[in-house]
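The sequence shown lines up with residues 1 to 169 when you count with my numbering. Let me begin by presenting the structure, written as structure tokens, before commenting on it.
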Amino acid sequence: MSRTPVSMKCAKMSSSWICVMLCCTVMMSLVNAYPNLIYTTSKDIRMANMSKSTRINVIVKDLIEGSALDFYYKGSLICWADHGQESIQCVSYNGTHASNKVAILNTGIITPDGLACDWLTKKIYWTDGDTNRIEVASLDGKYRKVLYWEDIDQPRAVALVPMDGYVSS
1 MSRTPVSMKC AKMSSSWICV MLCCTVMMSL VNAYPNLIYT TSKDIRMANM SKSTRINVIV
61 KDLIEGSALD FYYKGSLICW ADHGQESIQC VSYNGTHASN KVAILNTGII TPDGLACDWL
121 TKKIYWTDGD TNRIEVASLD GKYRKVLYWE DIDQPRAVAL VPMDGYVSS
């Protein structure tokens with residue numbers, strides 16, 4: 001199964017650039033010129049150092065059925081959707097260690113397929129293929145709102161361009 005990139009985000013952070021390429025369940029980041037690929041399998045979230053192809057670290061274990069992820073750089077959060085737990089969760093990640101795993105949303109979600117973090121407004125967007133909705137909430141799970149629910153059939157992905165105010169699915 002091939003995976004086509006959904007979007008690419010780049011931002012200047014202090015003296016380095018960070019670029020994130022989103023694709024279904026794959027994300028690539030470039031921090032201090034060391035490219036890392038963060039991705040989810042159905043059972044865990046991993047990070048691969050692209051300059052050392054044999055170096056793969058498991059960041060989060062024991063997912064039931066991981067499906068999508070995004071990285072919120074400013075808050076150092078990795079957020080993901082899990083079909084099996086019918087939830088969206090986040091974990092703090094400092095580059096070497098994950099901590100403070102939190103279920104952001106765990107009610108009213110059946111099949112979260114797409115997920116994207118808005119780094120400007122601190123919101124998280126997701127798609128649900130079973131409820132046929134695209135929703136949004138703050139990164140702490142508050143202020144949840146259904147954005148689209150009519151004339152939409154099994155949405156699978158969501159991409160954001162926050163600086164231009166775009167949401168695409």
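Glycine is no exception: its CB is placed at the ideal position from the N, C-alpha and C atoms.
Measure the Cβ-Cβ separation of residue i and residue j and say whether it is below 7 Å.
| i | j | result |
| --- | --- | --- |
| Leu160 | Asp118 | yes |
| Asn132 | Ile152 | yes |
| Ile64 | Gly84 | yes |
| Asp128 | Pro112 | yes |
| Trp80 | Thr121 | no |
| Val158 | Gly114 | yes |
| Lys123 | Val136 | yes |
| Lys61 | Asp82 | no |
| Gly66 | Ser42 | yes |
So residue i is in the beta strand (DSSP E); what residue range does that whole segment cover?
| i | result |
| --- | --- |
| Tyr72 | Gly66 to Tyr72 |
| Tyr148 | Lys145 to Tyr148 |
| Lys123 | Lys123 to Asp128 |
| Asp44 | Looking at the DSSP string, Asp44 is not in any beta strand (DSSP E), and its letter there is neither H nor E. |
| Gly84 | Counting along the chain, Gly84 falls outside any beta strand (DSSP E), and DSSP gives it neither H nor E. |
| Asn100 | Ala98 to Leu105 |
Leaving aside the five residues before and after residue i along the sequence, list all residues of the same chain whose C-beta is less than 7 Å from its C-beta, in chain order.
| i | result |
| --- | --- |
| Ser76 | Ser92, Tyr93 and Asn94 |
| Met50 | Pro35, Asn36 and Leu37 |
| Ser138 | Lys122 and Lys123 |
Give the DSSP bridge partners of residue i, in chain order.
| i | result |
| --- | --- |
| Ile78 | Phe71 and Val91 |
| Arg133 | Asp128 |
| Ala48 | Leu37 and Ile56 |
I think residue i touches residue j, with their Cβ atoms under 8 Å apart; what is that distance to the nearest whole Å?
| i | j | result |
| --- | --- | --- |
| Ile134 | Tyr125 | 7 Å |
| Ile104 | Gly165 | So it is not a contact: roughly 23 Å between Cβ atoms. |
Excluding the five sequence neighbours on either side, which residues of its own chain have a C-beta within less than 6 Å of the C-beta of residue i, listed in chain order?
| i | result |
| --- | --- |
| Ile78 | Phe71, Val91 and Tyr93 |
| Asn106 | Ser87 |
| Ala98 | Ile59, Val60 and Val91 |
Between residue i and the rest of its own chain, which residues show a CB-CB distance below 8 Å, the 5 nearest in sequence each way excluded?
| i | result |
| --- | --- |
| Arg46 | Ile38, Tyr39, Thr40, Ile56, Asn57, Val58 and Ile59 |
| Met163 | Leu120 |
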